[in-house]
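Line by line, the protein sequences give chains A, B and C. Residue numbering for the first sequence follows our numbering, starting at 1 and increasing by one per position. Residue numbering for the second sequence follows our numbering, starting at 1001 and increasing by one per position. Residue numbering for the third sequence follows our numbering, starting at 2001 and increasing by one per position. One structure is given here, and the rest of the page talks about it.
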Amino acid sequence: MYVAVKGGEAAITNAHALLADRRRGDRSLPALTIEQIAEQLGLAVDRVMAEASLYDRSLAALAVRQSRGDLIEAIFLLRAYRTTLPRFGSSVPVDTAAMKVERRVSATYKDLPGGQLLGPTFDYTHRLLDPSLLTDEAIADPARKEASGDEIMRVSDILAHEGLIEPDGDLPDDHAAGDLTREPLEFPMGRDLRLQALARGDEGFLLALGYSTQRGYGRNHPFVGEIRIGEVEVEMDMPELGFPVSLGRIQLTECQMINQFKGSSIAPPQFTRGYGLVFGQSERKAMSMSLVDRALRAEELGEDITAPAQDEEFVISHSDNVQATGFVEHLKLPHYVDFQAELAMVRKMRADIEATRHADTEMKDAAE
Amino acid sequence: MSETPLLKVSGVSKFYGSRIGCQDVSFDLWPGEVLAIVGESGSGKTTLLNCLSTRLMPSAGSVEYRMRDGNFRDLYHMSEAERRFLMRTDWGFVHQNPADGLRMTVSAGANVGERLMAVGDRHYGKIRETATDWLGRVEISADRIDDQPRAFSGGMRQRLQIARNLVTGPRLVFMDEPTGGLDVSVQARLLDLVRGLVNDLGLSAIVVTHDLAVARLLSHRMMVMKDGHVIEQGLTDRVLDDPREPYTQLLVSSILQV
Amino acid sequence: MSADLATYNFAYLDEQTKRMIRRAILKAIAIPGYQVPFASREMPMPYGWGTGGVQVTAAIIGPDDVLKVIDQGADDTTNAVSIRAFFQKVASVAVTTHTKDATIIQTRHRIPEQKLTEGQVLVYQVPIPEPLRFLEPRETETRKMHALEEYGLMHVKLYEDIAHNGRISKTYAYPVKVDGRYVMDPSPTPKFDNPKMHMSDALQLFGAGREKRIYAVPPHTEVVSLDFEDHPFEIQTFEQDCALCGAHGVYLDEVVLDDQGGRMFVCSDTDHCEDRRDHGHVGEMLAPNKEAAE
């Protein structure tokens, strides 16, 4: 006997209760605190802030906890919160030359003003599981050096002195940076919107695309001009005051990729740039972003568009992991109405073929 | 031939920065006339063809086309909608590589029928009938109508592309090296076919080619281009039999040696 | 962290956002079938799960509205339950399962069987708004094709269907032409529902959140399913009647009863089915004399 599917409501409530139970896990163990997540899983928190486009460590940590460590789910939670916030205005562009640098490396110069600073990096660690981390052993304080207070020159500025690298370019005075969370996305995009989309794009997707350019799918001969990680001041112009006011400091990772360029009918031979800027500490993301940014400038620089990473519509339409996960996972929603329609069509077509075959046989029989 | 030209070209130039694509080209094209533009690669003949067919906007000059109502319209002042409409009804464009002019993943019948559907034909049976007829005219067997061009040889693809262009009865067809990618034996058959169709339909055509034999076989008149300039033009037989410019003489002698 | 983290505006969206969406809706109504780009917001449910429809509903709903939400024609499918609960929570509006009592009906994949009336709004959830998308993947190109009314390619698709299958085999998301101008994707409703869109008394709004498009069919607007003169558009027909309410000429779901090939067909529109049963209609499965039915 058929029983109509009822009780969707009860099923949902029960599922959510079970989710809460599994999230908490074994009650005999202490619950994670938001502070512990923010302090000890800082890079997860950074990724959530970066791809949610919201700089708030404790909310991001809350999202990580609420999502049971599923970072795309955490990004989604934080985005859905961000979208409800009022928007007061835009900050003035952050000055990464004035960054309080904790890490700064350049692959293009052996030594340079300001020096190479390794900072807190996994580079050169041997990836051996560390049994000491099974317990809470005391960790020694790190070595520190007094900051000189001087600005650390950007590598791009060194090349710019000789005119060897394309300049930043000038924006018209009345230029207002676009905001892809407030305006419809339309192609072709300006580079400002494109960089925004990349900055919140999925780390794995950009990593794969950046990697594809290195393997020859839109190769752009990159050198890491510089990667710097550190804190910058965020300031906002206050029309009432007539000068910018500091809103606080945020941690950023910036990557300036320097790319060979032999010149085209519209531009002289000089180095060009791919740019990456990400909230928090994420070199992988910033480097991938700069590779993809450079690849997407193919049309602007008069290069042939032959590879996926150079195709703006393809890259930007598929870089957002919240959109992607939603649409992929929506396939598990019921589709039985459409399936019914397809089912009936396939049956009908099969019946037609069967009927024709039958008629053929009969004709043959009759002929014999 | 009628009293009024179909196309009036005056002073068409295209520059890429300081580089010349083509410069100061003027001519009239008459109904039923086939004009060949010949020259080596890099001579500007394809740039000129693209300017004439509005696939490229020139830096200077004008091209006027006599519409079906008898009025001349400046092509570069038409809206994109009007130009695209013209392109899929009254004009044809045959690409050197058939894949550029065909939809490789839909059937031959749909390739021919697309233009009809684009102008509002809504009777499947009639569209199919017309497509079958056109496949016949370009010597493609009717039982290939539901096959995709992917399964066709190079020569068949090129013939399909021609049928797809001619189905709406255009008055002007542009051809860019129509025999370019084909074997010599296939070339001859295709040229024969094109010549027959052009004669039967009274088409006007502008054919870009580096092959003087193609010009000889298809065109009434020809223009020789070098470094973006037209250096000689005249009736095809006259230019080929009695070339005046040293460069043309060189071109003609080099083909005669073959 | 502030304690008011979870307080939201009426119907979740802030008023600025609602205004932006309403402007897009008005433009969509003014140009029937045209896809208006809008700055779709991140919603607290996943993309592809009705974020477009939810934003449209949130922008037009008021405290006096009565909301019905269906998915696959049913009020009790989980995603319909979830969206209805969302609006109860953030807008405290009255909800109903009765088509005739609702002022706003948000739907995924179906149009209710009961004829909609003047003053009602049907909000469709749309996954891919672009009817030309699978023929031409590029947004820049498809927008140009719409602008120049170049729809030959759409018929090429239908031609291919007939050439290979002997009939137009498209069964859902069947393209329509609206008001003689724009070709439109009716969302993945079965083509059975297409005729209901034509000259409807109700306002039909379509929201695609992930793709950031809103479009509309105003009341009393011509909606024509694309076809050929000699292969006219036709809707699905069912040989059976609804096993529960005996309805004929409605869209039916196939319900598998056992692994021996046993199955029955019941109304996809659950409200329609219940209403009929309340009025004494009885289908084969519920007939008192079961033997007679068999």
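We treat Cβ as the ideally placed atom computed from N, Cα and C, and that holds for glycine. None of these values were measured; they are calculated from a predicted model.
Using beta-carbon distances, residue 2046 of chain C counts as an interface residue toward chain A, with a partner under 7 Å. Between residue 91 of chain A and residue 234 of chain A, the beta carbon gap of about 5 Å places them in contact (Cβ cut-off 8 Å).
DSSP, read as helix, strand or coil, puts residue 1109 of chain B in helix.
Taking a C-beta distance under 7 Å as the contact criterion, residue 1165 of chain B and residue 1094 of chain B qualify as a contact pair. Leaving aside the five residues that flank residue 281 of chain A on each side, the residues in its chain whose CB is nearer than 6 Å to its CB run, in chain order, 46, 229, 253. Judged by DSSP in its simplified three-state form, residue 308 of chain A adopts helix. With a threshold of 7 Å between beta carbons, residue 211 of chain A makes no contact with chain C.
With a contact defined as Cβ atoms closer than 8 Å, residue 298 of chain A and residue 2171 of chain C miss out at about 41 Å. The continuous alpha helix (DSSP H) containing residue 2078 of chain C extends over residues 2078-2091. In chain order, 2087, 2093, 2095, 2104 place their CB closer than 6 Å to the CB of residue 2067 of chain C, counting only its own chain and leaving out the 5 sequence neighbours on each side.
In this structure, DSSP gives residue 2012 of chain C an extended state, which the three-state scheme calls strand. For residue 1114 of chain B, the nearest beta carbon of chain C is closer than 7 Å to its own beta carbon.
The alpha carbon of residue 2256 of chain C has as its nearest neighbour, out of C:2250, C:2243, C:2248, the alpha carbon of C:2243. In the structure shown, residue 1091 of chain B falls within a strand segment according to DSSP collapsed to helix, strand and coil. Think of a sphere of 9 Å around the beta carbon of residue 79 of chain A: the chain C residues whose beta carbon falls inside it are 2042, in chain order. Contact note: residue 1129 of chain B does not reach chain C at a C-beta cutoff of 7 Å; the least C-beta distance is about 11 Å. A direct Cα-Cα distance of roughly 12 Å separates residue 1077 of chain B from residue 1061 of chain B. With respect to residue 2154 of chain C, residue 2175 of chain C sits close: the two C-beta atoms are nearer than 7 Å.
The C-beta of residue 88 of chain A has fewer than 16 other C-beta atoms within 10 Å across all chains shown, which makes the residue exposed.
Within 10 angstroms of the beta-carbon of residue 1111 of chain B lie 16 or more other beta-carbons, which makes it buried. The continuous beta strand (DSSP E) containing residue 1024 of chain B extends over residues 1019-1029. The beta carbons of residue 64 of chain A and residue 74 of chain A sit closer together than 7 Å. Contacts with chain C at 7 Å (Cβ-Cβ) include residue 1084 of chain B. Chain A places a beta carbon closer than 7 Å to that of residue 2038 of chain C, counting this residue as a contact.
Exposed is the label assigned to residue 139 of chain A, since fewer than 16 other Cβ atoms lie within 10 Å of its Cβ. For the alpha helix (DSSP H) assignment, the uninterrupted runs of no fewer than 4 residues enclosed by the segment 1113-1174 of chain B are, from N- to C-terminal side, 1124-1137, 1154-1166.
Here residue 1106 of chain B is actually not in contact with residue 2284 of chain C; their C-beta atoms are around 45 Å apart, not less than 8 Å. Per DSSP, reduced to three states, the secondary structure at residue 65 of chain A is helical. In terms of beta-carbon proximity, residue 2162 of chain C lines the interface with chain B, with at least one pair separated by less than 7 Å. At a Cβ-Cβ threshold of 7 Å, residue 1045 of chain B and residue 1208 of chain B count as neighbours.
Check the Cα spacing between residue 2203 of chain C and each of C:2102, C:2216, C:2112: the tightest is with C:2216.
Sequence-distant Cβ neighbours of residue 2183 of chain C in its own chain, meaning closer than 8 Å and more than five residues away, are 2033, 2131, 2132, 2146, 2151, 2154, 2175, 2176, 2177, 2226.
Cβ atoms of residue 1029 of chain B and residue 1005 of chain B come within 8 Å of each other, at about 6 Å.
Residues of the segment 2071-2083 of chain C that bring their beta carbon within less than 7 Å of a beta carbon in chain A comprise 2071, 2072, 2073, 2076, 2077, 2078, 2079, 2081, 2082, in sequence order. Neighbours of residue 279 of chain A across chain C, judged by C-beta separation under 7 Å, do not exist; the nearest C-beta is about 17 Å away. For residue 2103 of chain C, there is no enclosing alpha helix (DSSP H), as DSSP gives it neither H nor E.
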